[in-house]
Every structure is written in C-alpha cells, then in structure tokens.
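Everything below concerns the one structure shown next.
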Ligand code: RIB
C-alpha cells in the first residue's frame, strides 16, 4: 500500500529569538538554521520514516533541486514533484525560548500544481492507499476527487486554517486533522458541533494534552495522552503527527496504536530544532515508546 501526499515544499529559515517580535520591533536572532519544510514535505517525510511507501506530489522552482534531493534522502518518491517557473516556497520561522513559533510563508511554486500531473500521480492508486492533503497548495479538490475515484482514502489537514477551504474540502475527505483552535473555528463557521462535522473521522490534536479521534458516525472517541518532553521547537509537530498517523492506518495498525505511535513521533520531533529534519525514524520511535 502507498501514502501519497499533495503538499507544499518549503525552504525553512528558522531563527531562534528571545521573544516573538512585536509590531515595529527589530530583533536580533540568537541562532539560525535552514532546512527542508513545508507542511506537505514534513508529512511525507513522517510517513516515509514511519515505514510507508510514500510519493510526494508537489512543485518547486529551479532553485529547489536540493529539496527534491532531501526528500529522496528521506525515502520519499519524487517522480511527481514538478519543476515550476515560480521560485520554491519558503518560510520564515521565529522560535522563542518556550518553543512557540510564528511563521510567515511565501507560497511560490506550491500554488503551481498541475491537474494532469496529479491525475498521473494517482493513476495507480488503489483501495488501502491514503493521500494526505493540506492548505498550502493549489488543486486540493482535484487531488481528493482523483484519489477517491481510485478508492484511495483522503486525510485532510486543515492548516493553515481557512474556513472556506475546509468547508469545500470536507465532502471529499475521510479524515479531518485539526488542532483544538481550528476545530472550534470550523465548528463555528459551519454552525455545528465538532462531533457533527460532515466528515467520517475527526482527529483533534490538543498539544500537551494529547489527541482525540472522533468517529462522527458512531460518536465514539479515542483519547490518547501526550508524552511528556521538553520541547525546543514545535514547528512541524502537527505535520509529523499527521504523516505518522496516516502511515499507521495505511500499515493496518489499530487507531489507538497509530495514535500512540504518532504521539511518540511528534514528542521526539519537538525536542529538536527544525521541521522535516527533526523527524525520527520508526526504530527510534519504538525505542522511545518501550522506554515510557
Ligand atoms: O507546519 C510547519 C511548516 O509550516 C513549516 O515547515 C513551514 O514551511 C510551514 O509550511
């Protein structure tokens, strides 16, 4: 089985700052790193590192060859990453001493997805496969429809949050992934309780409190507590969770086991600086769970 991901690919520029900048403030960073990011790329790396055959669908500019090399280095298939005339997307990420961040993205090539490229990428899709989709590219609904026509299940991470985009995507999603704030925003925008959102399954990440998975058809909820760690950078934690969790589903794990493994993967990831670069592999995650 396969995990596909239609997703953003960014060059992340990460600055350690004494506090998140206030309006009009000029602030000296105490550290700087650059590396692979983008919600989609992070999800693909997490799925591949969790052991799934993973194929990324995306777009970078001519300046983004290194991001393709990096994805391949993590075991992600890149045959369907196209080269656009638009520069590669990037993100400016400020991280404070409490591991909180503030992110500005430039979408660049991420909004230059090809409808025919997406169809070609998903032509071999089959029941049992999954596709991960977020809000940092164009053509999400095209991809979701193409996936479903092949029996591929759709996991939709509604980030960065946009109520209209989420409303449009939900009819084509099997699993919605949101954080607590996004869940509240979406239920307010649609005028329904979270448990009545029009999608079969809703996964709500609650930060240090853990995660809830709600089956909106039966009303059943599985709650898994978070592992306790000392975070240094929470950038990409939700993406890591999403990629790892969907990989678990694709590998036939129970919902609870997939949630526990995804929680452990994110717990390790936030103890390191960076997004995709900070994601642990399956062996490290297993050892971490065994130690708890
Ligand atoms: O979710 C974290 C990601 O958001 C970063 O890697 C950055 O590129 C932005 O897309």
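Residue numbers (my numbering): 352 to 643.
No residue lacks a Cβ here, since even glycine has one placed at the ideal position from N, Cα and C.
What you are looking at is a predicted structure, and each value in this text was computed from that prediction instead of being measured.
Taking the alpha carbon of residue 551 as the point to measure from, which residue in 532, 571, 558 has its own alpha carbon closest?
Residue 551 has its Cα closest to that of 571, out of 532, 571, 558.
Do the segment 389 to 397 and the segment 527 to 547 make contact, defined as three or more Cβ pairs closer than 8 Å?
Taking 8 Å as the limit for Cβ pairs, the verdict is that the segment 527 to 547 does not touch the segment 389 to 397.
So, under 8 Å CB-CB, residue 365 and residue 444 are touching, yes? Tell me the CB distance rounded to an integer number of Å.
Right, the Cβ-Cβ distance comes to about 5 Å (below 8 Å), so this counts as a contact.
Here's a check: name, in chain order, each residue in its chain whose Cβ is nearer than 8 Å to the Cβ of residue 476, leaving out the five neighbours to either side.
Within the same chain, residue 476 has close Cβ partners 353, 355, 482, 497, 498, 501, 502, 503.
Contacts around residue 562, its chain only, beta-carbon distance under 8 Å, and the 5 residues preceding and following it disregarded
So the list reads 554, 555, 556, 574, 575, 577, 592, 610, 613, 614, once near-sequence residues are dropped.
If you measure from the CB of residue 420, is any heavy atom of the ligand RIB nearer than 7 Å?
Flag unset: Cβ of residue 420 not near the ligand RIB.
As an exercise, report each continuous alpha helix (DSSP H) stretch of at least 4 residues that is fully enclosed by the segment 561 to 639, in chain order.
Counting only runs of 4 or more, we get 588 to 601, 606 to 620.
Among residues of its own chain, excluding the 5 on either side of residue 415, which ones have a beta-carbon nearer than 6 Å to its beta-carbon?
These residues qualify, in order along the chain: 439.
Just how far apart, CA to CA, sit residue 630 and residue 595?
Looking at the two C-alpha atoms, the distance is approximately 10 Å.
Mind listing, in chain order, the continuous alpha helix (DSSP H) runs of no fewer than 4 residues lying wholly within the segment 356 to 437?
Runs of the alpha helix (DSSP H) spanning 4 or more residues and lying entirely within the segment 356 to 437 occur at 390 to 400, 416 to 424, in chain order.
Considering just the uninterrupted stretch of the alpha helix (DSSP H) at residue 541, what are its terminal residues?
Residues 531 to 541.
Residue 501 - DSSP class collapsed to helix/strand/coil:
Reduced to three states, the DSSP call for residue 501 is coil.
Three or more C-beta pairs closer than 8 Å, one from the segment 393 to 407 and one from the segment 447 to 456: is that the case here?
With a cut-off of 8 Å, the segment 447 to 456 and the segment 393 to 407 do not count as touching, because too few Cβ pairs lie within range.
Can you tell me whether residue 390 sits near the ligand RIB, meaning its C-beta is under 7 Å from at least one heavy atom of the ligand?
With a cutoff of 7 Å, residue 390 counts as near the ligand RIB, since its C-beta is closer than that to a heavy atom of the ligand.
Within the continuous beta strand (DSSP E) that includes residue 476, where are the two ends?
Neither: residue 476 is in no beta strand (DSSP E) and is coded neither H nor E.
For a test of your reading of the model: does the CB of residue 453 fall under 7 Å from any non-hydrogen atom of the ligand RIB? Yes or no.
No, the Cβ of residue 453 stays beyond 7 Å of every heavy atom of the ligand RIB.
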